[in-house]
Structures are given as C-alpha cells and as structure tokens.
Ligand SMILES: C[S@@+](CC[C@H](N)C(=O)[O-])C[C@H]1O[C@@H](n2cnc3c(N)ncnc32)[C@H](O)[C@@H]1O
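Residue numbers (our numbering): 165 to 386.
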C-alpha cells in the first residue's frame, strides 16, 4: 500500500468510523478514499466532487490501485447531491471554507442527519461552521489541530445531538498546537483592530474577540 496521506488527511482517515461505508465530499485526488479502502478500514467509499478535473484524478488514482472497483463509487456533483440518505456512516468534507461546508450540510438536511459522524475540516471561518452545527441540532464530538505544510488546520467531528454552544471561534481542544494556533489568531485580530482604528472605525466587537482568545491562551501555559 502506497500511503499518500499528509498528516491532516491521515487524521481525517483515523477519525472515519471503521467497518462502515464512508463518503468523501470534495475528494479531489481521492487519496483519502483510496487509503480507507486499501487499508481495509472501510468496506465501501463514495468519492464525490463538483468539478470534473479533480474527479478524473481520483478515478485515475483508484484505477491505478489494487482496489476492486466494486468497493467504490466516483460521483460528479455538488455537496451531498450525489449521496443517498444513509449511504455513508461517515461523511468527510475537508479542505473548504467553513461557510461552504455549512451550506453543503444545510442543502440536504435529511442526508446530513443520516450520517453517524460528520468529519469536517474548515480552511477558514470555522466559527461559522460551529455556530451552524449548534443551531441545527448537532453536537461537536471532537476538535483537533494538525499541521500541514506549516499551517495549523482545524478538524471538527459532529453528530446529531443537543449541545450548549461554546465560543464558536475557539476550538475546544487540549491539542499541543493550541497555543501556537491562538498566537496566530491573536496576531491577526490585533492587526485588524489596528487597521480599523487607523481608519476611525469601531473595533469593539473585535476587541471582545481578542480578549476571549487571550484568556484562552493564558490557560494553555507555554
Ligand atoms: C482544496 S480541495 C480539498 C481536497 C480534499 N478534500 C482535501 O482535504 O485535501 C477542495 C475540493 O472540493 C471540491 N469542491 C468545492 N466545492 C464543492 C462542492 N460544493 N461540492 C463538492 N465538491 C466541492 C473542489 O473541486 C476540490 O476538489
């Protein structure tokens, strides 16, 4: 088996429910699905993408592997449009903006709700994704940070359930990367505040956000 997974993709693969079918929405190269099948972690995988180019790469990678074609399905279409309700126990949506992930989850509520576990990796606007989950009957089950090419990425798992909302902007994790992640955030919030103040605009909301990040950072230690 030729494992092409980065640390981020490996974490996503590790979170997928074993022994049950999975779907990778926005599969691109298809490496995640390939790993899940080659390793025997999943009995079946749907590899889906809205664009033909990425899907052609996924198809080629699958065909060049030793995985039997009866174990996977490659599908062209946006979000969960390509999936039947209940078809995948784990739905992975990774490497997209948090708002786009939330809109994909929202488009077909019955399909989203039919998954046992959502494994989500927002590249941006993770706060909006967490808020969407809490407002739409999902509980966050786990939060993870992982480094990929120098950048710290957030990963969120969620399932149906009630949960009192926390701070949507701060990952609830004791990851050793949290301090560095918060330092990065604090730096960028400070730069935005500076810009707002220079142009005489209101920065009160951002200052509150900055305080919340600094308070959480203090609890990380060094
Ligand atoms: C940056 S790549 C991420 C690939 C892979 N999931 C990963 O995390 O490495 C984003 C992929 O999502 C696909 N994509 C973007 N919007 C989508 C949508 N609404 N539905 C399905 N796929 C989408 C793009 O075509 C692209 O292949």
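Don't be surprised by glycine CBs; every beta carbon is placed ideally from N, CA and C.
Keep in mind it's a predicted model, so treat the numbers as computed, not measured.
Measure the CB-CB distance between residue i and residue j and report whether it falls below 8 Å.
{"i": "residue 202", "j": "residue 180", "result": "no"}
{"i": "residue 211", "j": "residue 238", "result": "yes"}
{"i": "residue 309", "j": "residue 342", "result": "yes"}
{"i": "residue 167", "j": "residue 193", "result": "no"}
{"i": "residue 335", "j": "residue 307", "result": "yes"}
Mind checking whether the beta-carbon of residue i lies closer than 7 Å to any heavy atom of ligand 3?
{"i": "residue 174", "result": "Questions concerning ligand 3 fall outside what the structure shown contains, since the ligands it does hold are ligand 1."}
In whole angstroms, give me the CA-to-CA distance for residue i and residue j.
{"i": "residue 255", "j": "residue 314", "result": "26 Å"}
{"i": "residue 200", "j": "residue 354", "result": "41 Å"}
{"i": "residue 383", "j": "residue 361", "result": "28 Å"}
{"i": "residue 365", "j": "residue 191", "result": "41 Å"}
{"i": "residue 287", "j": "residue 333", "result": "13 Å"}
{"i": "residue 290", "j": "residue 259", "result": "12 Å"}
{"i": "residue 247", "j": "residue 350", "result": "39 Å"}
{"i": "residue 357", "j": "residue 363", "result": "10 Å"}
{"i": "residue 275", "j": "residue 245", "result": "9 Å"}
{"i": "residue 228", "j": "residue 252", "result": "24 Å"}
Going by C-alpha to C-alpha distance, which of the options sits closest to residue i?
{"i": "residue 236", "options": "299, 188, 384", "result": "188"}
{"i": "residue 352", "options": "336, 339, 373", "result": "373"}
{"i": "residue 281", "options": "367, 371, 257", "result": "257"}
{"i": "residue 295", "options": "215, 279, 265", "result": "265"}
{"i": "residue 268", "options": "218, 214, 221, 350", "result": "214"}
{"i": "residue 184", "options": "279, 226, 336, 244", "result": "279"}
{"i": "residue 171", "options": "274, 292, 311, 240", "result": "311"}
Considering just the uninterrupted stretch of the alpha helix (DSSP H) at residue i, what are its terminal residues?
{"i": "residue 273", "result": "273 to 278"}
{"i": "residue 173", "result": "171 to 179"}
In terms of residue numbering, what span does the beta strand (DSSP E) encompassing residue i cover?
{"i": "residue 222", "result": "No beta strand (DSSP E) holds residue 222; the alpha helix (DSSP H) holding it covers 216 to 227."}
* Evaluate the contact criterion for the stretch 327 to 345 versus the stretch 291 to 309: three or more CB pairs, one atom per stretch, below 8 Å. => yes
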